[in-house]
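K.L.:
Have a look at this one.
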Amino acid sequence: MSNTDGERPEWLDEPCPAWCHGDHSGQEFQTDRKHLSDQVLMPVITQGRAPSWRHIPGDVVVADDLTIAIYQRVGDRETWLVIANDTQNVEVSLESAARLSAELAALLDEVTATPA
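Just so you know, this note's numbering puts 366 at position 35 of the sequence shown, and the rest follows in order with no gaps.
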């Protein structure tokens with residue numbers, strides 16, 4: 332959902348990036364003001380520690396969800412990729428995200444390649 336010119340907040344004096352969903356409601360405080368992409372919810376399987384009250388030794392496998400989004404604080408030049416949920420959070424610059432993506436792709440190719 333994008334804001335039309337009539338719905339743009341008075342404080343927003345720069346154009347939104349093409350990837351910004353345009354909804355700047357709820358950003359009255361300067362520290363809250365950011366351009367935000369649509370969020371992608373990604374189901375994942377993670378490995379975590381069993382709570383001590385369960386009396387299960389070692390690690391447990393857990394189905395979870397991670398949210399992936401791009402954001403840029405209004406007035407800043409740096410754009411960030413965030414991957415997060417309620418218990419974990421990773422934020423990296425877009426340049427770092429591109430390098431991370433390339434390294435992940437290479438590693439996945441290596442470990443999933445069919446042996447000759």
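Beta carbons are placed, not taken as given, at the ideal position from N, Cα and C, and that holds for glycine. Computed from a predicted structure; not experimentally measured.
Using only CA atoms, which one of P348, T377, E338, L438 lies nearest to V392?
P.N.:
Considering only alpha carbons, the answer is T377.
K.L.:
Can you give the beta carbon distance from S427 to I401, rounded, assuming they're within the 8 Å contact cut?
P.N.:
Rounded, the Cβ-Cβ distance is 13 Å, inconsistent with contact.
K.L.:
Does the distance from the CB of V413 to the CB of D395 come in under 8 Å?
P.N.:
Contact: no.
K.L.:
State buried or exposed for C419, treating a residue as buried only when at least 16 other CB atoms are found within 10 Å of its CB.
P.N.:
Correcting the residue identity first, residue 419 is Gln in this sequence and not Cys. By the neighbour-count rule (16 or more Cβ atoms within 10 Å), Q419 is not buried but exposed.
K.L.:
Spatial neighbours of E422 within its chain, please: CB distance less than 6 Å, with the 5 preceding and 5 following residues excluded, ordered by chain position.
P.N.:
W411, V413.
K.L.:
Relative to the ligand ADP, is the shortest distance from any of its heavy atoms to the C-beta of Q370 smaller than 7 Å?
P.N.:
No copy of the ligand ADP appears in this structure; indeed no ligand is present at all.
K.L.:
Can you check which of these residues, L397, H355, Q358, E409, is closest to D417 by C-alpha distance?
P.N.:
When only C-alpha atoms are compared, the closest one is L397.
K.L.:
Tell me which residues share the same chain as S432 and place their Cβ nearer than 7 Å to its Cβ, disregarding the 5 neighbours each side in the sequence.
P.N.:
Closer than 7 Å at the Cβ level, and outside the excluded window around S432, lies no residue.
K.L.:
Work out the CA separation of E345 and W384 for me, nearest whole Å.
P.N.:
Cα to Cα, the separation comes out at about 52 Å.
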